[in-house]
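Enquirer: Next up is a structure, given as structure tokens.
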Amino acid sequence: MDGNGRWAKARGELRTQGHLEGLKAAKRIVKAAADMGIRYLTLYVFSTENWKRTSDEVGFIMGLIKQYLRSELEFYEENHIRLRHAGDPGGLPQEIAAEINDMCIETKKYTGMQVILALNYGGRDEIMRAINRAAEAGENIVSLNETTLSSYMDNPDIPDPDLIIRSAGEYRTSNFLLWESAYAEYYFSPVLWPDWTEKELQNAVESYQNRERKYGGIT
Ligand code: FPP
299 MDGNGRWAKA RGELRTQGHL EGLKAAKRIV KAAADMGIRY LTLYVFSTEN WKRTSDEVGF
359 IMGLIKQYLR SELEFYEENH IRLRHAGDPG GLPQEIAAEI NDMCIETKKY TGMQVILALN
419 YGGRDEIMRA INRAAEAGEN IVSLNETTLS SYMDNPDIPD PDLIIRSAGE YRTSNFLLWE
479 SAYAEYYFSP VLWPDWTEKE LQNAVESYQN RERKYGGIT
């Protein structure tokens with residue numbers, strides 16, 4: 299969800315204002331995706347590298363996340379949305395980790411779209427944690443195969459992403475879903491994240507629908 303900072307700067311406002319608008323855009327896109335019948339939507343909210351930002355900005359984003367989680371319960375209920383978490387809960391402030399855990403339990407009964415909040419998430423970190431979990435569970439690391447390692451990822455029941463969208467004209471993966479994105483299609487948009495509306499999502503999905511997926515094979 300890139301471009302919050304630039305969106306605010308262009309208006310002579312603080313970066314935090316950009317994150318506030320970014321949160322509104324996230325809500326718009328979650329609703330639009332649910333209405334379109336998308337089954338899984340992962341939002342890259344905060345990476346394992348985002349701690350490098352100023353403590354003011356990190357504190358503001360964490361506050362926003364905490365407020366967002368609880369206050370949206372009615373929205374999840376109305377839209378039958380189940381919340382999930384990807385990332386290391388151990389590195390999060392205790393109250394955020396507890397809140398996200400509670401919300402995942404409370405929304406487990408909803409059978410609509412699943413929204414996965416990638417929070418303190420890094421693709422390399424997830425792979426390392428999966429290897430460690432496999433070792434702790436008694437797997438033979440030397441003969442580990444892809445299927446077994448996949449089963450130790452943060453959300454092994456969730457299918458690999460079909461489409462990964464990056465906003466604000468950035469052309470990097472930035473440590474996002476490294477394991478799961480092996481055959482994902484990418485969509486890059488110049489539109490800053492706070493300006494995202496249902497139309498941008500539709501454009502991305504239309505672009506996806508016109509791709510030919512060969513998974514390394516031939517058609
Ligand atoms: C990237 O833009 C944005 C972030 C690292 C924060 C994302 C957080 C939110 C959208 C608010 C919380 C959302 C939810 C769903 C709880 P940037 O700051 O890197 O922008 P820039 O590239 O223009 O500087």
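Numbering (my numbering) for the sequence shown: 299 to 517. Backbone N, C-alpha and C define an ideal beta-carbon position, used for all residues, glycine too. Every value quoted in this text rests on a predicted model; they were computed, and no experiment measured them.
#1: At what residue ranges does the segment 314–386 contain a whole run of the alpha helix (DSSP H), taking only runs of 4 or more?
#2: Helix, strand or coil, according to DSSP, for Ala-396 in the structure here?
#3: If you run the structure through DSSP and keep just helix, strand and coil, what is Arg-464?
#4: Give me, in chain order, the residues of the same chain whose beta-carbon lies closer than 8 Å to that of Arg-304; leave out the 5 immediate sequence neighbours on both sides.
#5: Taking one C-beta from the segment 390–403 and one from the segment 424–435 each time, how about it: are there three or more such pairs within less than 8 Å?
#6: Below 8 Å on the Cβ atoms is my guess for Thr-409 versus His-383; work out the distance and round it to an integer in Å.
#7: Here's the rule I'm using: 16 or more other beta-carbon atoms within 10 Å means buried, otherwise exposed. How should Leu-371 be labelled?
#8: Anyone know if the C-beta pair for Lys-406 and Arg-368 falls short of 9 Å?
#9: From Asp-460 to Glu-483, what does the alpha carbon distance come to, in whole angstroms?
#10: Determine contact between the segment 469–488 and the segment 342–350, defined as no fewer than three beta-carbon pairs at a distance below 8 Å.
#11: Give the single residue among Met-334, Asn-302, Ala-306 whose Cα lies nearest to the Cα of Gly-320.
#12: Let's see if you can read the secondary structure: which residues bound the beta strand (DSSP E) around Ile-559?
#13: For chain B, is any of its Cβ atoms less than 9 Å away from the one on Thr-352?
#14: Could you tell me whether any non-hydrogen atom of the ligand FPP is closer than 8 Å to the CB of Glu-498?
#15: Answer yes or no: the CB of Glu-468 versus the heavy atoms of the ligand FPP, is any distance below 8 Å?
#16: According to the neighbour-count rule (16 or more other Cβ atoms, all chains shown, within 10 Å of its Cβ), is Glu-468 buried or exposed?
#17: Using a Cβ-Cβ cutoff of less than 7 Å, which residues in the same chain neighbour Leu-390 once the five nearest sequence positions on both sides are dropped?
#18: With distances taken from CA atoms, which of Arg-464, Asp-400, Ile-463 is nearest Lys-364?
#19: Do Leu-339 and Met-411 have their C-beta atoms within less than 9 Å of each other?
#20: When you compare each of Thr-352, Ser-353, Gly-361, Ile-414 to Arg-337 by their alpha carbons, which one comes out closest?
#21: Compute the Euclidean distance between the alpha carbons of Phe-358 and Ala-306, then round it to the nearest angstrom.
#22: Does the separation of the CB atoms of Ala-502 and Tyr-481 fall below 9 Å?
#23: Would you mind working out which of Trp-349, Ile-462, Thr-517, Asp-300 sits nearest Ala-323, comparing C-alpha positions?
Expert: From the atom records:
#1: 353–369, 371–376
#2: As a first step, residue 396 is located in the sequence shown; it is residue number 98 there, counting from the start. DSSP places Ala-396 in helix when its eight states are reduced to three.
#3: The residue labelled residue 464 in the question sits at position 166 within the sequence shown. In the structure shown, Arg-464 sits in a strand (DSSP, three-state: E or B).
#4: Sequence index remark: in the sequence shown, residue 304 carries index 6 (1-based). Once the five neighbours on either side are set aside, the close Cβ partners of Arg-304 are Gly-316, Ala-466, Leu-490.
#5: no
#6: As a first step, residue 409 is located in the sequence shown; it is residue number 111 there, counting from the start. As a first step, residue 383 is located in the sequence shown; it is residue number 85 there, counting from the start. With 8 Å as the limit, Thr-409 and His-383 do not qualify as a contact, their Cβ atoms being about 18 Å apart.
#7: The count along the sequence shown starts at 1 and reaches residue 371 at position 73. Leu-371 sits exposed, since fewer than 16 C-beta atoms from the chains shown fall within 10 Å of its C-beta.
#8: The sequence position of residue 406 within the sequence shown is 108, counting from 1. The sequence position of residue 368 within the sequence shown is 70, counting from 1. The Cβ atoms of Lys-406 and Arg-368 lie no closer than 9 Å to each other.
#9: Here residue 460 refers to the residue found at position 162 of the sequence shown. Here residue 483 refers to the residue found at position 185 of the sequence shown. If you take the alpha carbons of Asp-460 and Glu-483, they lie about 6 Å apart.
#10: Verdict: yes, contact present.
#11: Translated into positions along the sequence shown, residue 320 becomes position 22. Measuring from the Cα of Gly-320, the nearest candidate turns out to be Asn-302.
#12: It is not possible to answer for residue 559, since the shown part of the chain is limited to 299 through 517.
#13: Reference to chain B is not applicable here, since this structure consists of a single protein chain.
#14: If you number the sequence shown from 1, residue 498 lands on position 200. False, no ligand heavy atom lies under 8 Å from that Cβ.
#15: Translated into the one-based positions of the sequence shown, residue 468 becomes position 170. For Glu-468, the shortest separation between its Cβ and any heavy atom of the ligand FPP lies below 8 Å.
#16: As a working mapping, residue 468 is identified with position 170 in the sequence shown. Looking at its Cβ environment, which holds fewer than 16 other Cβ atoms inside 10 Å, Glu-468 is exposed.
#17: Sequence index remark: in the sequence shown, residue 390 carries index 92 (1-based). Leu-417, Asn-418, listed in sequence order.
#18: Against the sequence shown, residue 364 aligns to sequence position 66. Lys-364 has its Cα closest to that of Asp-400, out of Arg-464, Asp-400, Ile-463.
#19: For the purposes of this step, residue 339 is taken as the residue at position 41 of the sequence shown. For the purposes of this step, residue 411 is taken as the residue at position 113 of the sequence shown. It is a contact, given that the beta carbons lie within the stated cut-off.
#20: As a working note, residue 337 is residue 39 in the sequence shown. Taking only the C-alpha atoms, the option nearest Arg-337 is Ile-414.
#21: By one-based count along the sequence shown, residue 358 stands at place 60. By one-based count along the sequence shown, residue 306 stands at place 8. Approximately 15 Å between the Cα atoms of the pair.
#22: Sequence index remark: in the sequence shown, residue 502 carries index 204 (1-based). Sequence index remark: in the sequence shown, residue 481 carries index 183 (1-based). For Ala-502 and Tyr-481, no; Cβs fall outside 9 Å.
#23: Looking up residue 323 in the sequence shown gives position 25. It is Asp-300.
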